[in-house]
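Participant: In our numbering, the protein residues as written are 2 to 128. In this text, a Cβ means the ideal position worked out from N, Cα and C, and glycines have one as well.
(1) Where do the ends of the alpha helix (DSSP H) carrying residue 45 lie?
(2) From which residue to which residue does the alpha helix (DSSP H) around residue 64 run?
(3) Measuring only the C-alpha atoms, how far is residue 66 from residue 34?
(4) Identify the residues that DSSP records as bridge partners of residue 100: which are they?
(5) Examine the Cβ distances between the region 102-118 and the region 69-84 and report whether three or more of them are shorter than 8 Å.
(6) Would you mind sorting residue 88 into buried or exposed? The rule is 16 or more other CB atoms within 10 Å of its CB.
(7) The alpha helix (DSSP H) spanning residue 73 covers which residue range?
(8) Count the C-beta pairs between the region 45-65 and the region 86-102 that are closer than 8 Å, then say yes if the count reaches three, no if not.
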């Protein structure tokens, strides 16, 4: 069995006893270069699936500093949300356009705000 968590502090010690989940591997969060690579891979995959271009070239000098401490899953969700927002705007009558760096920055900002609230709830600060 393979399992993963971002909350090792919450794992029951009985699960990591010898003979159970006893081979633990820590995977560090990606650095800026790795985040850039993840972004490029995800963009390519999304565009291949769509069969067309979806994104303008990203200004990584603006985007990467805002993404410190984010995982590949975080980056995936941010790209998905930025693309989803473009689709909603087009459905509401806005001119269809590619996802821009500004769209990405806005998606990062919204994601960070939501993630902050989730973390506060997780640690009992909103209860």
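Facilitator: Quick answer:
(1) Element bounds for residue 45: 33-51.
(2) In the DSSP annotation of this structure, the continuous segment of the alpha helix (DSSP H) that includes residue 64 starts and ends at 61-64.
(3) If you take the alpha carbons of residue 66 and residue 34, they lie about 11 Å apart.
(4) Partner(s): 56.
(5) Contact between the region 102-118 and the region 69-84 is present, with at least three C-beta pairs closer than 8 Å.
(6) Its Cβ having fewer than 16 others within 10 Å, residue 88 is exposed.
(7) It spans 73-92 - the alpha helix (DSSP H) in which residue 73 sits, taken as one unbroken run.
(8) Touching, yes.
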